[in-house]
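Residue numbers (this note's numbering), protein chains in the order written: chain D, 57 to 296; chain Y, 779 to 1337.
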């Protein structure tokens, strides 16, 4: 990534613009959360609209975060990738804290199923970002329930599932998702498929994040399914 | 929502966030208001705000905060990291203070590796109330687990701190890796690299952590296995390009292998990735100067001065280095201006700055071919030396001796080099360096004789003290070592033996506050000269055990 002559100016410009946008989004989402907590769906006709604005703000932030990370070349040695040991309880607290107000404002139930004291090793910011994005997506499509389930599989992977009881993923996305799992060498074939889809950035980002996580000979994977406990969409991240 | 009642959720209720003192530092007013509102809904009443690093320093100097929320990018002036460094160096925050660094994106700084002053956590914007609370709780609990360890560390009782780590690992499996990392650091500080290495290997059995790989490489470097260390650091960098500390260490390995060009190139890459480190730019400048890359040296020293302006890490070295660069570029005028400036800015904190400027002045004149003025500087330095008993640090002594020989002075530099030998009689690398300075001055044979005599002088002083101790004349031994330290103040073997004899006296004749204080003084002095000695850790531990019970009672109350 070193360096065309005008690259430093461009990256400086991008960085300062991003900082500015992040500040505005902070204020936007913080204020919306505050307003939603203070109001209720029964008494305020604007409540549903505010809830939708919060959803859109979160989408905006997710996209911005992903663009920033991808700009820094997630998946290459250039990204400041930082694996740390963390209890699942701590990870889930983060994700729940970020999604609580939006879930409540839409009257949705978040079902949690995990062992809070289990310690795993991963880049917390990236994984929390991927899970939030998946939950945000599930919030949009589910009927009334979103489920976050985390378990260790028999062959020693950490499987993180975001399930919903909506209509499930359309066939095109399932196909793209299958591409990502087949791609055992970590080439970008799956990612390119994701990118042709309208919700592709998030999935592309998530699969890149999965692949970055390595332990001994194993690399993380991402796949999409329909089914799960409630028969809706399942977003499944596996970490070594 | 039906979140199960788990341990981490339950813990939230235990901490009272209402009565604490908060400081919010952000240059964006909207974010400050938002964070203030979030803190208010946790019940917080005492919340201060600052819009710049300078303003934050003013508040930190007056008020003790329990929680600091600090943005990394603060516009012009200090950045968040510099605010944190200065607050820690000036002791403006308590060890228990929670410092959360906030930034818009995942930052290189968060994975830098060995940066000395790390915040307790990095938070990425946007920060909502829920995220803030869960992070505050997490950091708080971790601080509780590390509290006694940090305290023992601050008291430099490294072996006690390491035992506390072992105990904590048993009780807090979730923090095992962090505790092991701390323990490895403590074993290194205690001069026990073999045990540090065992700890790193225990970590690597679980997971491939680059800091553990780098830790092992550092031990190899210290062992003199320079080539193996070089390879190991290189593979750490290949795995994680942003592990900046590995670059600095790799540069050191190259220097030890005598490959200054490569060392310089690595430091240049590191400085590109993370340009705002004062010590890194200074090292780059020094190495560039040594390999004769005047242009790069100039760039590094100028950058070092620029970023140092807002940093507590500011030192005079970059000014002196830049003055040398100006001399080499045949611009003695700017060099002299820099030397005036450095004396103005650093007079208060660096007592030997006048001396060091004068040496640099002499070198600048000598290198730019003005031998008359160089000689004049030499004469002034000679006069300075005869006026006082005090001697500067070792590198300055060597530089001064080199200059004085170069301008034709003979006795003063010889005396200076003998002083260096007496204080370092068992350091063969340094003895070689001194011999080379004699050789260059065409005084090779005489130099050899001076070195031999000075070595003997130091050895005799030490041996006589040890003999008195071994034959049970403890009181005389203490007195003898006191005199020896006056004659040879910076010899670490003499210092360690002096401390050992004081400890023996305390052990055999009972506790004595003034002897105990004297032993601590001696040990802290030797630790400043050469940190990470096994004998230091052992003697500190023995000394701590000799403290009377009343004393440890007050420590328990503070806890």
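Ideal Cβ placement from N, Cα and C applies to all residues, glycine included. Note that this is a predicted model, so its numbers are computed, not measured.
When secondary structure is reduced to three states using DSSP, residue 989 of chain Y falls in the helix class. At least one CB atom of chain D sits nearer than 8 Å to the CB of residue 952 of chain Y. Residue state for residue 827 of chain Y is assigned as strand, using DSSP reduced to three classes. In this structure, residue 1097 of chain Y sits away from residue 1051 of chain Y, with a CB-CB distance that is not shorter than 8 Å. DSSP places residue 1074 of chain Y inside the alpha helix (DSSP H), whose first and last residues are 1072 to 1086. Close to chain Y, meaning a Cβ-Cβ distance shorter than 7 Å, are the following residues of the stretch 143 to 172 of chain D: 143, 145, 146, 149, 150, 152, 153, 154, 156, 159, 165, 166, 167, 168, 172. Using beta-carbon distances, residue 1253 of chain Y does not count as an interface residue toward chain D, since no partner is under 8 Å. Using a Cβ-Cβ cut-off of 8 Å, residue 267 of chain D does not count as an interface residue toward chain Y, since no Cβ of chain Y sits closer than that to its own. Pairing residue 851 of chain Y with residue 1027 of chain Y, the inter-Cα distance amounts to about 28 Å. For the 8 Å CB-CB criterion, residue 1014 of chain Y and residue 1029 of chain Y do not form a contact. If you draw a 10 Å sphere on the C-beta of residue 1220 of chain Y, you find fewer than 16 other C-beta atoms in it, and that means exposed. A residue is called buried when at least 16 other Cβ atoms come within 10 angstroms of its Cβ; residue 1224 of chain Y does not meet this threshold and is exposed.
The Cβ-Cβ distance between residue 837 of chain Y and residue 844 of chain Y does not fall below 8 Å. A contact between stretches requires three or more CB pairs, one per stretch, nearer than 8 Å, and the stretch 864 to 874 of chain Y fails this requirement with the stretch 817 to 826 of chain Y. Annotated three-state conformation of residue 217 of chain D is strand, per DSSP.
Taking C-alpha positions only, residue 287 of chain D is separated from residue 225 of chain D by approximately 11 Å. Across the structure, residue 1049 of chain Y and residue 984 of chain Y are spaced so that their CA atoms are roughly 32 Å apart. Going by DSSP, residue 924 of chain Y is part of the alpha helix (DSSP H) stretching over 907 to 932. Of the candidates Y/830, Y/802, Y/865, the residue whose Cα lies closest to the Cα of residue 855 of chain Y is Y/830. Excluding sequence positions up to five before and after residue 1303 of chain Y, its CB lies within less than 7 Å of the CB of 1273, all in the same chain and listed in chain order. Using a 10 angstroms sphere on the CB of residue 99 of chain D, the tally of other CB atoms stays under 16, which defines it as exposed. Inter-residue distance for residue 274 of chain D and residue 197 of chain D is about 32 Å (C-alpha atoms, whole angstroms). Rounded to whole angstroms, the gap between the alpha carbons of residue 795 of chain Y and residue 116 of chain D is 31 Å. Secondary structure of residue 868 of chain Y (DSSP, three-state): coil. Setting aside the 5 residues that flank it on each side, residue 818 of chain Y is surrounded in the same chain by 825, each with a C-beta closer than 8 Å to its C-beta; the list follows chain order. Residue 218 of chain D and residue 187 of chain D do touch by the CB rule: their CB atoms are close to 7 Å apart, below 8 Å.
Short of 8 Å from the beta carbon of residue 1146 of chain Y, and not among the five residues preceding or following it, lie these beta carbons of its own chain, in chain order: 1105, 1106, 1108, 1110. Within the model, the alpha-carbon separation for residue 96 of chain D versus residue 103 of chain D is close to 7 Å. Proximity of residue 912 of chain Y to chain D, defined by a Cβ-Cβ separation below 8 Å, is satisfied.
For chain Y, the residues of the stretch 86 to 106 of chain D that bring a beta carbon within less than 9 Å of one of its beta carbons are 86, 87, 89, 90, 93, in chain order. When C-beta distances to chain D are compared with 8 Å, the residues of the stretch 1006 to 1037 of chain Y below that value are 1016, 1017, 1018, 1019, 1020, in chain order.
The criterion of a C-beta distance shorter than 8 Å is not satisfied by residue 283 of chain D and residue 194 of chain D.
Residue contact with chain D for residue 815 of chain Y: present (Cβ-Cβ distance below 8 Å to some residue of chain D). By the neighbour-count criterion, in which 16 or more other beta carbons inside 10 Å mark a residue as buried, residue 1141 of chain Y falls on the buried side. Residues of chain D whose Cβ lies closer than 8 Å to the Cβ of residue 903 of chain Y are, in chain order, 78, 79, 81, 82.
Neighbourhood of residue 806 of chain Y in chain D, by CB distance below 7 Å: 79, in chain order.
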